[in-house]
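Worksheet: one structure, shown below.
Protein chains: 2
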Amino acid sequence: MCMTKYEREIYRLITESTGHMSAEQVFHEVKNIYPSVSLATIYNNLNKLSDAGMIRKISVEGSPDRYDRPAKHDHMVCRRCGKLMDVQFRDLTDVLKSQMNEEFLFYDLKVYYICPKCRRKEEDGTVR
Amino acid sequence: MCMTKYEREIYRLITESTGHMSAEQVFHEVKNIYPSVSLATIYNNLNKLSDAGMIRKISVEGSPDRYDRPAKHDHMVCRRCGKLMDVQFRDLTDVLKSQMNEEFLFYDLKVYYICPKCRRKEEDGTVR
DNA sequence: AATAATTTTAGAATAATTCTAAAAAAGTGA
DNA sequence: TCACTTTTTTAGAATTATTCTAAAATTATT
Chain A
357 MCMTKYEREI YRLITESTGH MSAEQVFHEV KNIYPSVSLA TIYNNLNKLS
407 DAGMIRKISV EGSPDRYDRP AKHDHMVCRR CGKLMDVQFR DLTDVLKSQM
457 NEEFLFYDLK VYYICPKCRR KEEDGTVR
Chain B
357 MCMTKYEREI YRLITESTGH MSAEQVFHEV KNIYPSVSLA TIYNNLNKLS
407 DAGMIRKISV EGSPDRYDRP AKHDHMVCRR CGKLMDVQFR DLTDVLKSQM
457 NEEFLFYDLK VYYICPKCRR KEEDGTVR
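Top to bottom, those sequences are chains A and B. So in the numbering used here, spot 87 of the first sequence is number 443, and the numbers just go up one at a time. So in the numbering used here, spot 24 of the second sequence is number 380, and the numbers just go up one at a time.
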């Protein structure tokens, strides 16, 4: 067998969902289908998939790691709530290559902002 | 008093050193000067300084947060050992602004590569 | 000096993740 | 199919990084 049922299910969840799920969220989803699954299995498989380059691990300070489809894209991160949003900026590979002599594997671009929801809250005055 | 002795010392360490120190490393350095300092104080002050924008917190998956001078610059990250290196690519602020309608606060660009040390190890054949 | 506010401390608590060793499941070959 | 090897899963302990807590110490204010 090529992929175990857990690998398959986790891969499907990460790539078909709107993405950005934490290990804990994946755990709850998988539990709906295979109630006996353990959290260690989720971590095992998330690591295996991300080592194999089939999914992508995203870490943002202050929140648990999240997992995303592997296709190249960038992220907007809300400075307040940590919410991630996919965004596709112009590809920088060539620009970066021309500015360095070393080879590189890939790059990770995060643009920090205040998401509409948090901005509204701040404008309400109550929260800061 | 404007800054406590710990704030002052920690700020100095982060901004004058070659940077990229973890809380634990800062702790050991500060301990040399003020042997009674506790780790909680280090975290308190690192957070205070980074909330105030006086230092910058960098998080890379798989390693503890590190702290850096606040001046705008980018990072190369070794995919194997996690070592950080400062690098100054062309500023992207305008390029990014022109590609989105929202305002943003700042961006974070990390370029992943294999550092010379780790590359050498891999070429030796022994380690993979 | 008396009081109030801030900072520091030690250690407990929490959160995220990895490790461990045993059990279960899957794959292999005679 | 049976015996055996390999891989995967499991539960729970262990680890790591960080925050929280409440008391003690220090600093500032009246």
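We put the CB at the ideal spot given by N, CA and C, even for glycine.
(message) At the 8 Å Cβ level, is A/Ser378 part of the contact set with chain B, yes or no?
(response) no
(request) Below 9 Å between beta carbons is the criterion; list the residues of the stretch 398-420 of chain A that meet it against any residue of chain B, in chain order. (result) Lys413, Ile414, Ser415, Val416, Glu417, Gly418
(message) Let me confirm a value: A/Met377 is counted as buried when at least 16 other C-beta atoms fall within 10 Å, else exposed. Which label applies?
(response) A/Met377 should be labelled buried.
(request) Report the three-state DSSP secondary structure of A/His376 (helix, strand or coil). (result) coil
(message) Suppose only complete runs of 3+ residues qualify. What are the beta strand (DSSP E) ranges in the stretch 375-445 of chain B, listed by chain order?
(response) DSSP runs (the beta strand (DSSP E)) wholly in the stretch 375-445 of chain B: 412-414, 422-424, 430-434, 440-443.
(request) Using a Cβ cut-off of 8 Å (strictly closer), state whether A/Lys439 contacts chain B. (result) no
(request) Look up A/Leu452 in the DSSP assignment and say whether it is helix, strand or coil. (result) helix
(request) With DSSP collapsed to three states, give me the class of B/Phe460. (result) coil
(message) For A/Val433 and A/Val416, which I take to be in contact (beta-carbon distance under 8 Å), what is that distance rounded to the nearest angstrom?
(response) 6 Å
(message) Below 8 Å on C-beta distance, what does A/Glu458 contact in chain B?
(response) Met432, Tyr469
(request) Alpha carbon to alpha carbon, how far is B/Glu380 from B/Asp364? Give it in angstroms, no decimals. (result) Here residue 364 of chain B is Arg; the residue named in the question, Asp, does not match the sequence. Going by the C-alpha atoms only, they are around 17 Å apart.
(message) Using beta carbons (cut-off 8 Å, strictly below), is A/Asp464 in contact with chain B?
(response) In terms of beta-carbon proximity, A/Asp464 lines the interface with chain B, with at least one pair separated by less than 8 Å.
(message) Per DSSP, what are the beta-bridge partners of B/Tyr362 in this structure?
(response) Per the DSSP secondary-structure output, B/Tyr362 pairs with nothing in a beta bridge.
(message) Just checking: is the beta-carbon of A/Gln381 within a distance shorter than 8 Å of some beta-carbon in chain B?
(response) no
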